[in-house]
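In full-length UniProt numbering, the protein residues as written are 1 to 165.
Accompanying notes for the structure given below.
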């Protein structure tokens, strides 16, 4: 199963200057809970935005740089297709960014785990539109802003409305 996981604003903003534009501890906890123990597919720039590889996950890094040297335990590939090929079959695989990788994978994904941050921010990277004709919400959980979270946000899980489309 191929799952896209992201946090986006109401205008589908993901980030600016290769950084997230908010700090939502509950979103980080959910991301960690869902992706730990799994293969995660990501672009090189997204990978380089982390201080170090995320623990207990196998990183599959997509880059056009044929000489790219990733840390031990990471797999480097040249395309989304190659990334999917190196992942185990019959397991949930997570695509964690960035914007270009999401655009390439939205039509072949089985599920989208989205944290919708209820704000509009300036950004240079965006998540593709989740077409309500192709996707249906199967889980929704609202979280109001509080002392640790500057914005209201909603956890949403989408699955393909018609798996054959």
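Glycine included, C-beta positions come from ideal geometry on N, C-alpha and C.
Reducing DSSP to helix, strand and coil, say where residue 76 ends up. Here the question's residue 76 lines up with position 76 in the chain shown. If DSSP states are grouped into helix, strand and coil, residue 76 belongs with the strands.
Can at least three beta-carbon pairs, one atom from the stretch 103-113 and one from the stretch 147-158, be found at a separation below 8 Å? Yes, the stretch 103-113 touches the stretch 147-158.
Does the structure place the stretch 83-96 close enough to the stretch 64-74 that three or more beta carbon pairs sit under 8 Å? No, the stretch 64-74 does not touch the stretch 83-96.
Can you tell me where the alpha helix (DSSP H) holding residue 100 begins and where it ends? Here residue 100 refers to the residue found at position 100 when the chain shown is read from its first residue. Per DSSP, residue 100 belongs to the alpha helix (DSSP H) from 99-105.
On the criterion of 16 or more Cβ atoms from any shown chain inside 10 Å, does residue 138 qualify as buried, or is it exposed? Here the question's residue 138 lines up with position 138 in the chain shown. The residue is exposed, with fewer than 16 neighbouring Cβ atoms inside 10 Å.
By a C-beta neighbour count over all protein chains shown, 10 Å radius and 16 as the cutoff for buried, is residue 120 buried or exposed? Within the chain shown, numbered from 1, the residue matching residue 120 stands at position 120. Exposed.
Taking DSSP as the reference, what is the three-state secondary structure of residue 31? Within the chain shown, residue 31 is the residue found at index 31, counting from 1. If DSSP states are grouped into helix, strand and coil, residue 31 belongs with the helices.
First through last residue of the alpha helix (DSSP H) which encompasses residue 44: Walking along the chain shown from the start, residue 44 turns up at place 44. Taken as a continuous stretch (DSSP letters only), the alpha helix (DSSP H) holding residue 44 covers 44-48.
Can you find the residues in the same chain that come closer than 7 Å, C-beta to C-beta, to residue 27, ignoring five residues on each side of it along the sequence? Looking up residue 27 in the chain shown gives position 27. When the five nearest sequence neighbours on each side are left out, the beta carbons in the same chain lying within less than 7 Å of the beta carbon of residue 27 are those of 7, 115 and 153, in order along the chain.
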